[in-house]
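Engineer:
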Amino acid sequence: MDILATLNPAQRQAVEAIEGPVLILAGPGSGKTRVITHRVAYLIKVCGMNPGHIMAVTFTNKAAREMRERLDQLLGQEVGALTLGTFHAICARILRHEGKAIGLAPRFVIYDDEDQLNLIKQSLQELNLDPKQYAHRALQSAISAAKSHLLSPEDYAQRIQSYFEEIVHRTYQRYQQLLGQNEAVDFDDLLMKTVQLFNSQSKILSRYQSRYVHILVDEFQDTNVAQYALIKQLAGKYHNICVVGDPDQSIYSWRSADLRNILSFEKDYPDARLVLLEQNYRSTKTILEVGSDVISANLQRKPKELWTENEAGSPVAIIESYTEAEEAQYVVSEIEKLVSQEQISLRDCAVMYRVNAQSRALEEAFMRYGVPYKLIGGTRFYQRREVKDIIAYLRVIHNPHDNVSLARIINIPGRGIGERTTSQLQARARTDNASLYNTLEQVLEEKIFTPRIIQALAGFVTLINGLIANSHELNLAELLDEILAGTGYREYLLGKENGEERWENITELRNAAREHSELNPEEALATFLEKVSLVADIDNLDEKDDTVTLITLHQAKGLEFLVVFIAGMEEGVLPHRKSFDDPSEIEEERRLCYVGITRAGKRLYLLRSFRRSLFGSGSANPASRFIQDISPHLVTTKGLWDKVNINSIAGVHTPSPTHSNDISDPKVGDHVYHSKFGKGIVMSCLPDKGDQIVTVAFEESGAKKLLLSLAHLEKIEKTTDFPL
DNA sequence: CGAAAGGCTCTTTTT
DNA sequence: GAGCCTTTCG
Numbered sequence: 000m001d002i003l004a005t006l007n008p009a010q011r012q013a014v015e016a017i018e019g020p021v022l023i024l025a026g027p028g029s030g031k032t033r034v035i036t037h038r039v040a041y042l043i044k045v046c047g048m049n050p051g052h053i054m055a056v057t058f059t060n061k062a063a064r065e066m067r068e069r070l071d072q073l074l075g076q077e078v079g080a081l082t083l084g085t086f087h088a089i090c091a092r093i094l095r096h097e098g099k100a101i102g103l104a105p106r107f108v109i110y111d112d113e114d115q116l117n118l119i120k121q122s123l124q125e126l127n128l129d130p131k132q133y134a135h136r137a138l139q140s141a142i143s144a145a146k147s148h149l150l151s152p153e154d155y156a157q158r159i160q161s162y163f164e165e166i167v168h169r170t171y172q173r174y175q176q177l178l179g180q181n182e183a184v185d186f187d188d189l190l191m192k193t194v195q196l197f198n199s200q201s202k203i204l205s206r207y208q209s210r211y212v213h214i215l216v217d218e219f220q221d222t223n224v225a226q227y228a229l230i231k232q233l234a235g236k237y238h239n240i241c242v243v244g245d246p247d248q249s250i251y252s253w254r255s256a257d258l259r260n261i262l263s264f265e266k267d268y269p270d271a272r273l274v275l276l277e278q279n280y281r282s283t284k285t286i287l288e289v290g291s292d293v294i295s296a297n298l299q300r301k302p303k304e305l306w307t308e309n310e311a312g313s314p315v316a317i318i319e320s321y322t323e324a325e326e327a328q329y330v331v332s333e334i335e336k337l338v339s340q341e342q343i344s345l346r347d348c349a350v351m352y353r354v355n356a357q358s359r360a361l362e363e364a365f366m367r368y369g370v371p372y373k374l375i376g377g378t379r380f381y382q383r384r385e386v387k388d389i390i391a392y393l394r395v396i397h398n399p400h401d402n403v404s405l406a407r408i409i410n411i412p413g414r415g416i417g418e419r420t421t422s423q424l425q426a427r428a429r430t431d432n433a434s435l436y437n438t439l440e441q442v443l444e445e446k447i448f449t450p451r452i453i454q455a456l457a458g459f460v461t462l463i464n465g466l467i468a469n470s471h472e473l474n475l476a477e478l479l480d481e482i483l484a485g486t487g488y489r490e491y492l493l494g495k496e497n498g499e500e501r502w503e504n505i506t507e508l509r510n511a512a513r514e515h516s517e518l519n520p521e522e523a524l525a526t527f528l529e530k531v532s533l534v535a536d537i538d539n540l541d542e543k544d545d546t547v548t549l550i551t552l553h554q555a556k557g558l559e560f561l562v563v564f565i566a567g568m569e570e571g572v573l574p575h576r577k578s579f580d581d582p583s584e585i586e587e588e589r590r591l592c593y594v595g596i597t598r599a600g601k602r603l604y605l606l607r608s609f610r611r612s613l614f615g616s617g618s619a620n621p622a623s624r625f626i627q628d629i630s631p632h633l634v635t636t637k638g639l640w641d642k643v644n645i646n647s648i649a650g651v652h653t654p655s656p657t658h659s660n661d662i663s664d665p666k667v668g669d670h671v672y673h674s675k676f677g678k679g680i681v682m683s684c685l686p687d688k689g690d691q692i693v694t695v696a697f698e699e700s701g702a703k704k705l706l707l708s709l710a711h712l713e714k715i716e717k718t719t720d721f722p723l
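Numbering (numbering that gives the first Met the number 0), first residue to last: 0 to 723.
(1) Check whether the Cβ atoms of Leu639 and Ile317 lie closer than 9 Å to each other.
(2) State the CB to CB distance for the pair Val315 and Val289, rounded to an integer number of angstroms; the pair is presumed to be in contact (CB under 8 Å).
(3) By Cβ distance below 8 Å, which residues in the same chain neighbour Lys99 in space, the five residues on each side in sequence not counted?
(4) Whole angstroms is fine: what's the gap from Cys241's alpha carbon to Ala63's?
(5) Output the residue ranges of the beta strand (DSSP E) runs that lie fully inside the stretch 450-499 and measure 3 residues or longer, sorted by chain position.
(6) Near Gly51, what residues of its chain come up, given a Cβ to Cβ distance below 8 Å and the 5 sequence neighbours on each side ignored?
(7) Looking only at its own chain, which residues have a Cβ that is under 7 Å from the Cβ of Thr438, when we skip the five neighbours before and after it?
(8) Look at the Cβ atom of Ala183, then the Cβ atom of Phe107, and state whether they are nearer than 9 Å.
(9) Quickly, what does DSSP pair Ile109 with across the bridge? List them, please.
(10) State yes or no: is the C-beta of His670 within less than 9 Å of the C-beta of Gly677?
(11) For the beta strand (DSSP E) that Val338 lies in, which residues bound it at each end?
(12) Tell me the DSSP bridge mates of Lys231?
(13) Smallest Cα separation from Tyr491: which of Gln278, Ile585, Asp388 and Asp292?
(14) Would you call the stretch 261-277 and the stretch 15-32 in contact, with 3 or more CB pairs under 8 Å?
(15) From Gln157 to Ser199, what does the alpha carbon distance come to, in whole angstroms?
(16) Out of Ile537, Leu540, Glu514 and Asp541, which has the shortest C-alpha to C-alpha gap to Leu528?
(17) In three-state DSSP terms, what is Pro8?
(18) Among His673, Phe163, Arg384 and Ser143, which residue has its Cα nearest to the Cα of Glu496?
(19) Just verifying my parser: in three-state terms, what is the DSSP assignment at Phe365?
(20) DSSP state of Ala40, grouped into three classes?
(21) At the level of alpha carbons, what is the spacing between Leu473 and Ala391?
(22) Would you kindly check if the distance between the Cβ of Val293 and the Cβ of Arg607 is under 9 Å?
(23) Of all the options Gln299, Glu333, Gln278 and Tyr321, which has the alpha carbon lying nearest to the alpha carbon of Asn309?
(24) Could you give the uninterrupted runs of the alpha helix (DSSP H) lying entirely in the stretch 548-612, keeping only those of 4 residues or more?
(25) Grouping DSSP H, G and I as helix and E and B as strand, with all else coil, what is Ile537?
(26) Taking the alpha-carbon positions, what's the Asn644 to Ser282 distance?
(27) Using the Cα positions of Lys577 and Ile159, report the straight-line distance between them to the nearest angstrom.
(28) At the level of alpha carbons, what is the spacing between Phe219 and Leu116?
(29) What residue from Leu361, Gln208, His37 and Glu15 has the CA that sits closest to Val274's CA?
(30) Thinking C-alpha only, which one of Leu573, Pro450, Gln342 and Asp187 is nearest Ala622?
(31) How big is the Cα-Cα spacing for Leu374 and Thr548?
(32) Rounded to the nearest angstrom, how far is the Cβ of Val634 from that of Lys601, given a contact under 8 Å?
(33) Between which two residues does the alpha helix (DSSP H) carrying Gly290 extend?
(34) Which residues in the same chain have their Cβ closer than 8 Å to the Cβ of Ile626, if we skip the five residues on either side of it in sequence?
(35) Measuring straight from C-alpha to C-alpha, what distance separates Gln12 and Gly571?
(36) For a quick check, are the C-beta atoms of Ile35 and Met66 less than 9 Å apart?
Written as C-alpha cells, this is what we have:
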C-alpha cells in the first residue's frame, strides 16, 4: 500500500518532513492520528528505519493500542520493537531497567491516587500537623504540581512564599521519604525520576539518545514541564522530534499541562518545520462553525481557520428542560428516534458532561428505557475497594515492603488485628526504620503482644509467606485463587452489602489475571501490577459494542461520534463554578466545551436544564455563556416544558395578579407569576441602576429578562405540581 | 475488636 | 449525597 496516497497535501508534508524538529498544529478531525501513524509507517517502510529506533508517545494506552493495530495493517506485518505508549508507561519501563542507578528498588510499586493520599495522611500525622487545617487533597495537588515542574523537595524549599507552602514542603519531604521506604513511586515520580535519571547519568542518557532516532508526541498541548524536559533530553542527539497538538484542545492545565510547551518548542527548536492541518473531515459545516463561534471568544489564542468540504448538515439543537431527569429522558428518547428513523447505531452516540456526578440521572434514564449504555469513568474498575484489596495482596506478595498495601490488608478480611495493634506496629516500624513486614516478624520473635494478638499476627505472616512461596510456582490466576481461598475473601465479601456484585468484580479481575498466565510467574506478577496501575478507564472502551457511550468531556478528547449530546450547558456546570474567578480557567472550560462540540460528526445537541440537583441540593442555573456565543442561525432551540407543563399545571389554582403584591426582593429560585408570561422561576437577579434585572424561566414562554420595576412579578407558593 | 450510627465536609476534570 | 472520620455500643 502506498503510504502517502490517501493523504492530503498538508498531511503528506507532515509525514514526509522526517528530518529535524516538526511542529504539527492540527485542528479537530483533521486526521492528526492518521498523520502520526502514517509517519511512523513511512519511517519504517520507506526510509527503512528500524522500529526499535522510534518512540511514539500517546495520551492514553488505548490510543497506543490502536496505533499499533493500524501500523500492523499499514505495514502488512507486526511492527514489533517500536516504543509506543503513554509517557507514564514508557517512563515506568525505563525506570524498571535503569532505576537502580538512582537508587530505585527494581520492584518498585506504582501508587495511585488513593495510596498517595494514605501516605500524605501518614506524613501529616508524623509531622503533627492538624489534618483538619491542611486538606489532604490540597497537599496532594501541591506536591503533584511541584513534581510536574521537576521541583524536588529541596528545590521547592527555595521558593517558599507562604506558610502553606512551608507546610507543603514539610509534607512533601516526608512523603517522598515514605515513598522511598515503601519502595514505591507515584505517577508524577515516573516522569520526574526519569528526568532526574537522565540528568545525573549521562551514559544512560546517551544510550537512550542514540537509540531513539525519531520521537513523536501526540496531544502535545497537554504535556507538562517534566514531559517536555524528557523529550528534550531524549531528542538531544538527533533532534528528530515531531510533536502534534492543538492549543484549542488543551484541557489538562489542572494536571500541570502547560500550553507554553508549544512556545518553548518553537524557541528551543528555531529550525522547526511548522505544518498546519486545517481541513476537517469529521464534522458538518454547521458543527464546525458552532465550535469556531465558541472557541473564538477566547482571548489567549492564535486564531486559525478550519474548513471542511462536508455538507452543512442539520442545525445544532439547543434543548432546554426543567430538570436533569427531563434532560436525560430527552437524550434517551432522541437516541431511540435516531436509531429507528435514521442510519444511526447506538455506538454512534455519546453523551458528554462536565462532571461524573451528572452521569447518574442519565444512567437512570437509560436503565429505565432499557437502552444499552456504557459508562466511562466514575469509579474505575481498579479503584474499587474489593479489587484494590486483592491487588494489595498481590503487591505485598511481589514486594512485602510496600507498607501502604500491607496496612490495607493486614485486617481485611478481619482477623483480629485491630487499629490499636496496627498503629503500635506502625510506630515500631518507624522507630526501627523498618518496613511493617519486617517489624511483624521482629515482633513475633519478641512476643511483645498478648498471646491472642500474637496468634493473629502469626497467622497473617504465615499466610503472606505461604503466598510468597507459592507465587514462584503458580500462574497468576492460580495465585489469585490461592489468595481468595487463604483469606476467605469470598465469604467476607458476600456478607457485605452488594456482596454479589462486588464478587463479580473479583471474578473479572481473575479473568484479567488469566491473560498473563503464560508468562513466568515472576514476570507475570510484575507486568500485571504495572498494567493495573497505569490503565485508564478509557483504555477499555470497545467501539465494537453497540451501546451508547456516557463520558466526561475530558475523557472524550481524541474520540469521535456521529451524534453527540452535551448535557449540563449551564453556568456553574460548564463552565464549572470553580473556574468563575479565574479568566484563564474560564478559557480552559471553553476549550473543554470546544472539545465536546468537535467530537460530533453529524448531529450535536446542547442540553441545559433550569434546575439541576447536583451534590444534594438543587440549584437554578442560567444557560452557559458558551451558548450565547453561538450565532443564532446555526441552532434551533427547543423547550421541553411546553408539553410537559401544560399537563402538570392543569388543575393548579392560578393566583390572580394584583400589582400591590409585587415582589420587592426576588431571590433565585423564587416562584413568581407574571400577568402575561404566567408562572416561572427566578433564575438570576442583577442590580441595575437602582433597579434589578431579573431573569425568569417561565413555564410557557421560556427564559425572559425583565426589569423588576416594570415586570410586576408576584411571588407565589411553590406547588408540588411544579416539575422540579 | 468490630459493626453501626452519626456528624462532618466538600463538592472538577485523571495518567 | 457520598465519603470520610469519629464515636458509641455490644
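Just so it is clear, CB atoms sit at the ideal spot from N, CA and C, and this is done for glycine as well. Predicted model, so just to flag it, every value in this text is computed and none were measured.
Structural biologist: Answer, in terms of the structure:
(1) Working through the first sequence from its first residue, we reach residue 639 at position 640. Working through the first sequence from its first residue, we reach residue 317 at position 318. Cβ distance not < 9 Å, so Leu639 and Ile317 don't count as in contact.
(2) In the first sequence, residue 315 corresponds to position 316, counting from 1. In the first sequence, residue 289 corresponds to position 290, counting from 1. Contact flag correct, Cβ pair sits at about 5 Å.
(3) Locating residue 99 in the first sequence gives position 100, counting from the first residue. Pro105.
(4) To locate residue 241, count along the first sequence from 1; it is residue 242. To locate residue 63, count along the first sequence from 1; it is residue 64. Cα to Cα, Cys241 sits roughly 16 Å from Ala63.
(5) none
(6) Mapped onto the first sequence, residue 51 falls at position 52. If we look at Gly51 and ignore the five residues flanking it on each side, its Cβ neighbours are Gly79, Ala80, Leu81, Thr82 and Arg210.
(7) Here residue 438 refers to the residue found at position 439 when the first sequence is read from its first residue. If we look at Thr438 and ignore the five residues flanking it on each side, its Cβ neighbours are Leu424, Arg427, Ala428 and Asp431.
(8) What you label residue 183 is simply residue 184 of the first sequence in a count that begins at 1. What you label residue 107 is simply residue 108 of the first sequence in a count that begins at 1. For Ala183 and Phe107, yes; Cβs fall inside 9 Å.
(9) As a working mapping, residue 109 is identified with position 110 in the first sequence. Beta-bridge pairing links Ile109 to Val184.
(10) The sequence position of residue 670 within the first sequence is 671, counting from 1. The sequence position of residue 677 within the first sequence is 678, counting from 1. No. Outside cutoff.
(11) Stepping through the first sequence from its first residue, residue 338 is reached at position 339. Not the beta strand (DSSP E): Val338 falls in the alpha helix (DSSP H), residues Glu323 to Gln340.
(12) Here residue 231 is taken as the residue at index 232 of the first sequence, counted from 1. Lys231 pairs with nothing; no bridge assigned.
(13) Locating residue 491 in the first sequence gives position 492, where the first residue counts as 1. Out of Gln278, Ile585, Asp388 and Asp292, Asp388 has the C-alpha closest to the C-alpha of Tyr491.
(14) yes
(15) The residue you call residue 157 lines up with position 158 of the first sequence. The residue you call residue 199 lines up with position 200 of the first sequence. Those two C-alpha atoms are separated by around 21 Å.
(16) For the purposes of this step, residue 528 is taken as the residue at position 529 of the first sequence. Nearest of Ile537, Leu540, Glu514 and Asp541 to Leu528, Cα basis: Glu514.
(17) Along the first sequence, one-based indexing puts residue 8 at 9. In the structure shown, Pro8 sits in a helix (DSSP, three-state: H, G or I).
(18) For the purposes of this step, residue 496 is taken as the residue at position 497 of the first sequence. Checking every option, the nearest Cα to that of Glu496 belongs to Arg384.
(19) The count along the first sequence starts at 1 and reaches residue 365 at position 366. In this structure, Phe365 counts as helix in the three-state DSSP scheme.
(20) Counting from one through the first sequence, the residue named residue 40 turns up at place 41. Of the three classes helix, strand and coil, the one that applies to Ala40 here is helix, per DSSP.
(21) In the first sequence, counting from the first residue as 1, residue 473 sits at position 474. In the first sequence, counting from the first residue as 1, residue 391 sits at position 392. Taking the straight line from one Cα to the other gives about 18 Å.
(22) In the first sequence, residue 607 corresponds to position 608, counting from 1. In the first sequence, residue 293 corresponds to position 294, counting from 1. It is not a contact, given that the beta carbons lie outside the stated cut-off.
(23) Position 310 of the first sequence holds residue 309. Nearest of Gln299, Glu333, Gln278 and Tyr321 to Asn309, Cα basis: Gln278.
(24) 552-555 and 582-596
(25) Here residue 537 refers to the residue found at position 538 of the first sequence. The answer is helix: DSSP assigns Ile537 an H, G or I state.
(26) Taking the first residue of the first sequence as 1, we reach residue 644 at position 645. Taking the first residue of the first sequence as 1, we reach residue 282 at position 283. Confidence in Asn644 is poor, its pLDDT being 42 and thus under 50, which makes the residue's placement unreliable; the coordinate value appears in the next sentence. The alpha-carbon atoms of Asn644 and Ser282 are separated by roughly 35 Å.
(27) Mapped onto the first sequence, residue 577 falls at position 578. Mapped onto the first sequence, residue 159 falls at position 160. If I take the Cα positions, the gap works out to 25 Å.
(28) As a first step, residue 219 is located in the first sequence; it is residue number 220 there, counting from the start. As a first step, residue 116 is located in the first sequence; it is residue number 117 there, counting from the start. Roughly 29 Å separates the two Cα atoms.
(29) Residue mapping note: residue 274 aligns to position 275 of the first sequence, counting from 1. Among Leu361, Gln208, His37 and Glu15, the Cα nearest to that of Val274 belongs to Glu15.
(30) By 1-based counting over the first sequence, the position of residue 622 is 623. Comparing Cα-Cα distances from Ala622 to each of Leu573, Pro450, Gln342 and Asp187, the minimum goes to Leu573.
(31) For the purposes of this step, residue 374 is taken as residue 375 along the first sequence, with counting starting at 1. For the purposes of this step, residue 548 is taken as residue 549 along the first sequence, with counting starting at 1. Distance between the alpha carbons of Leu374 and Thr548: 6 Å.
(32) For the purposes of this step, residue 634 is identified with residue 635 of the first sequence, where counting begins at 1. For the purposes of this step, residue 601 is identified with residue 602 of the first sequence, where counting begins at 1. Wrong, their Cβ atoms sit about 15 Å apart, outside the cutoff.
(33) Position 291 of the first sequence, counted from the first residue, corresponds to residue 290. First-last of the alpha helix (DSSP H) with Gly290: Lys284 to Ser295.
(34) Taking the first residue of the first sequence as 1, we reach residue 626 at position 627. Counting only Cβ-Cβ distances below 8 Å, and skipping sequence neighbours, we find Ile317, Met568, Leu605 and Arg607.
(35) Start at 1 with the first residue of the first sequence, and residue 12 comes out as number 13. Start at 1 with the first residue of the first sequence, and residue 571 comes out as number 572. If I take the Cα positions, the gap works out to 43 Å.
(36) Residue numbering aside, residue 35 sits at position 36 when the first sequence is read from its first letter. Residue numbering aside, residue 66 sits at position 67 when the first sequence is read from its first letter. Closer than 9 Å, so yes.
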